[in-house]
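Asker: Residue numbers (the UniProt record's numbering): 1 to 358.
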Ligand SMILES: O=C(O)CCC(=O)C(=O)O
Ligand SMILES: [Fe+2]
């Protein structure tokens, strides 16, 4: 069964075509097999490309200063693993909403419609901290991220899912592919961070606590079709709180980054990864590197699947720089949570700036 067969049952009710009258009119969805597939991104984009097998601290550093985001090629993740993951994600997301919400919450937490405006992603089901998109208190349709997803911590080993046999087998296979993928992401993040740390001349003790692989997690997202795509966001404009984030997107597109005062569509290029720097990296580098602002559009007819990896410093490692008060990631999260509760948005780094206190 493909996603296109079962929109009604696999979509969280909030996103069903006629939910609460917000989605009016026919839902013009073309089944996957019958879709004409013109390339909406005929030209390559101007995103810088980093070759994982052959990059120097100065080349990587230049891209991190000017862009805070790049395309990573020759990363060593087998193409079959990437396509297998997307295939399984498609199968799992195509299960009925009732089945997905009944999944055990560990070791993969299902969430949907995380509130927009910030990065803490307090999903409907449970709090899912970290990477992108969450926030505000109002769970109304134009204030939520138009997606569902799984949050997958990488510091837990696979436990047994106690479910019906077929679903259990599906989830076990999905989870073991995610673990394999997570190990690759950890490898990439460690190596990229090492090169960045060299470019930035971090002393070895800082390098060690500034990137903590056990904090890493994956988010597998399915952005849902939306009849009012122009008025909704998959994830609205934000910066990640992470040190490094790494995205693998399918061929649908929708990710945009803000560079040089304009939004740029990130062309989906098969088997390449998109690496973006987060707020922690910007602070550690004393604003030499940029935590890039980005967002994700939704599509009227197509779902989009992406897999994000996010990694953070040791929770208590104190980030020292000349532009910011010394703070830990735990301090950052605490301030962010207060802002979300009180004003409904993430302020983030400006809260810690020495020259521009907010
Ligand atoms: O799905 C994507 O391409 C990006 C997701 C994202 O920005 C996030 O989770 O922070
Ligand atoms: Fe993000």
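From the three backbone atoms N, C-alpha and C, an ideal C-beta is built for every residue, glycine too. Source: prediction; values computed, not measured.
Check for me: the beta strand (DSSP E) holding residue 247 runs from which residue to which?
Answerer: Residue mapping note: residue 247 aligns to position 247 of the chain shown, counting from 1. Run containing residue 247: 244-249, per the beta strand (DSSP E) assignment.
Asker: Mind checking who residue 362 pairs with in its DSSP beta bridge?
Answerer: Residue 362 lies beyond the range of the chain shown here (1 to 358); nothing can be said about it.
Asker: Within a Cβ cutoff of 7 Å, which residues of the same chain sit near residue 286, ignoring the five residues on either side of it in sequence?
Answerer: Here residue 286 corresponds to residue number 286 of the chain shown, with the count starting at 1. Excluding residues within five positions, the ones whose Cβ falls inside 7 Å are 321, 322, 323.
Asker: Do residue 256 and residue 206 come within 8 Å of each other at the CB atom, strictly closer than that value?
Answerer: Taking the chain shown and counting its residues from 1, one reaches residue 206 at position 206. Taking the chain shown and counting its residues from 1, one reaches residue 256 at position 256. Not in contact: residue 206 and residue 256 (Cβ atoms no closer than 8 Å).
Asker: Only counting runs of 4 or more residues, tell me where the alpha helix (DSSP H) segments fall wholly within the segment 71-118, in order along the chain.
Answerer: 79-93, 97-101, all fully within the segment 71-118.
Asker: Following a CB-centred definition, is residue 306 positioned closer than 7 Å to any heavy atom of ligand 1?
Answerer: Position 306 of the chain shown, counting from 1, holds the residue named residue 306. Yes, since a heavy atom of ligand 1 falls inside the 7 Å radius drawn around the Cβ of residue 306.
Asker: Using a threshold of 7 Å, is the CB atom of residue 245 nearer than that to any non-hydrogen atom of ligand 2?
Answerer: Here residue 245 corresponds to residue number 245 of the chain shown, with the count starting at 1. It does: the Cβ of residue 245 is within 7 Å (strictly closer) of some heavy atom of ligand 2.
Asker: Taking the alpha-carbon positions, what's the residue 313 to residue 57 distance?
Answerer: Working through the chain shown from its first residue, we reach residue 313 at position 313. Working through the chain shown from its first residue, we reach residue 57 at position 57. When rounded, the distance between both Cα atoms is 20 Å.
Asker: Considering only C-alpha positions, which residue in the set 48, 180, 92, 254 is nearest to residue 148?
Answerer: Residue 148 sits at position 148 when you count from the first residue of the chain shown. Considering only alpha carbons, the answer is 92.
Asker: If I follow the unbroken beta strand (DSSP E) through residue 148, where does it start and stop?
Answerer: Along the chain shown, one-based indexing puts residue 148 at 148. Residues 147-153.
Asker: As a quick exercise: from 350, 309, 303, 349, pick the residue whose alpha carbon is nearest that of residue 16.
Answerer: The residue you call residue 16 lines up with position 16 of the chain shown. For the residues 350, 309, 303, 349, the minimum Cα distance to residue 16 belongs to 303.
Asker: Nearest-angstrom Cα distance between residue 201 and residue 11?
Answerer: Counted from its first residue, the chain shown places residue 201 at position 201. Counted from its first residue, the chain shown places residue 11 at position 11. Straight-line Cα distance between these residues: approximately 48 Å.
Asker: Report the option in 275, 53, 245, 224 whose CA atom is closest to the CA atom of residue 361.
Answerer: Nothing can be reported for residue 361, as the shown portion of the chain is limited to 1 through 358.
Asker: Cutting at 8 Å between CB atoms, please list the residues of its own chain near residue 300, excluding the five before and the five after it.
Answerer: Working through the chain shown from its first residue, we reach residue 300 at position 300. Excluding sequence neighbours, residue 300 sits near 28, 225, 226, 227, 229.
Asker: So, are the CB atoms of residue 238 and residue 306 less than 8 Å apart?
Answerer: Position 238 of the chain shown, counted from the start, is the residue given in the question as residue 238. Position 306 of the chain shown, counted from the start, is the residue given in the question as residue 306. No, they are not a contact pair.
Asker: Nearest-angstrom Cα distance between residue 176 and residue 250?
Answerer: For the purposes of this step, residue 176 is identified with residue 176 of the chain shown, where counting begins at 1. For the purposes of this step, residue 250 is identified with residue 250 of the chain shown, where counting begins at 1. Between residue 176 and residue 250, the C-alpha separation is close to 20 Å.
Asker: Does the segment 256-269 touch the segment 185-201, meaning 3 or more C-beta pairs lie closer than 8 Å?
Answerer: Contact fails: fewer than three Cβ-Cβ distances are below 8 Å.
Asker: On the three-state DSSP scale, how would you describe residue 215?
Answerer: Translated into the one-based positions of the chain shown, residue 215 becomes position 215. Three-state result, residue 215: strand.
Asker: Can we count residue 296 as close to ligand 1, meaning its CB is less than 7 Å from some heavy atom?
Answerer: Counted from its first residue, the chain shown places residue 296 at position 296. Yes, the Cβ of residue 296 comes within 7 Å of a heavy atom of ligand 1.
Asker: Taking three-plus beta-carbon pairs below 8 Å as touching, is the segment 76-94 in contact with the segment 179-187?
Answerer: Yes, the segment 76-94 is in contact with the segment 179-187.
Asker: Is residue 337 helix, strand or coil when you go by DSSP?
Answerer: Here residue 337 refers to the residue found at position 337 when the chain shown is read from its first residue. Looking at residue 337 - three-state DSSP - the assignment turns out to be helix.
Asker: With H, G and I counted as helix, E and B as strand and the rest as coil, what does DSSP make of residue 4?
Answerer: As a position in the chain shown, residue 4 is number 4, starting the count at 1. Low confidence applies to residue 4: its pLDDT is 46, below 50, so where it sits in the model is not reliable, and the reading given next is rough at best. It is helical.
Asker: Here's a check: name, in chain order, each residue in its chain whose Cβ is nearer than 7 Å to the Cβ of residue 252, leaving out the five neighbours to either side.
Answerer: Taking the first residue of the chain shown as 1, we reach residue 252 at position 252. Hits under 7 Å: 268, 299, 302, 304.
Asker: Using the C-alpha atoms, what's the distance from residue 220 back to residue 101?
Answerer: In the chain shown, residue 101 corresponds to position 101, counting from 1. In the chain shown, residue 220 corresponds to position 220, counting from 1. About 15 Å.
Asker: Can you tell me which of 114, 90, 319 puts its alpha carbon nearest to the alpha carbon of residue 352?
Answerer: Here the question's residue 352 lines up with position 352 in the chain shown. Closest option to residue 352, Cα to Cα, is 319.
Asker: Please tell me whether, using a cut-off of 7 Å, the distance from the CB of residue 240 to the nearest non-hydrogen atom of ligand 2 is below it.
Answerer: One-based indexing of the chain shown puts residue 240 at position 240. Answer for residue 240: yes, Cβ within range of ligand 2.
Asker: Measuring CA to CA, which of 86, 144, 203 is closest to residue 111?
Answerer: The residue given as residue 111 occupies position 111 in the chain shown. Taking only the C-alpha atoms, the option nearest residue 111 is 144.
Asker: According to DSSP, what are the bridge partners of residue 306?
Answerer: Walking along the chain shown from the start, residue 306 turns up at place 306. Beta-bridge pairing links residue 306 to 221, 249.
Asker: Identify every residue that forms a DSSP beta bridge with residue 294.
Answerer: Looking up residue 294 in the chain shown gives position 294. DSSP, once it has assigned bridges, lists 238, 257 as partnering residue 294.
Asker: Pull up the CB-CB distance for residue 273 and residue 72, whole angstroms please, since I reckon it's below 8 Å.
Answerer: Here residue 273 refers to the residue found at position 273 of the chain shown. Here residue 72 refers to the residue found at position 72 of the chain shown. That pair is a contact at about 4 Å.
Asker: Excluding the 5 residues flanking residue 215 on each side, which residues of the same chain have their C-beta closer than 7 Å to its C-beta?
Answerer: Start at 1 with the first residue of the chain shown, and residue 215 comes out as number 215. Closer than 7 Å at Cβ, skipping near neighbours: 311, 312.
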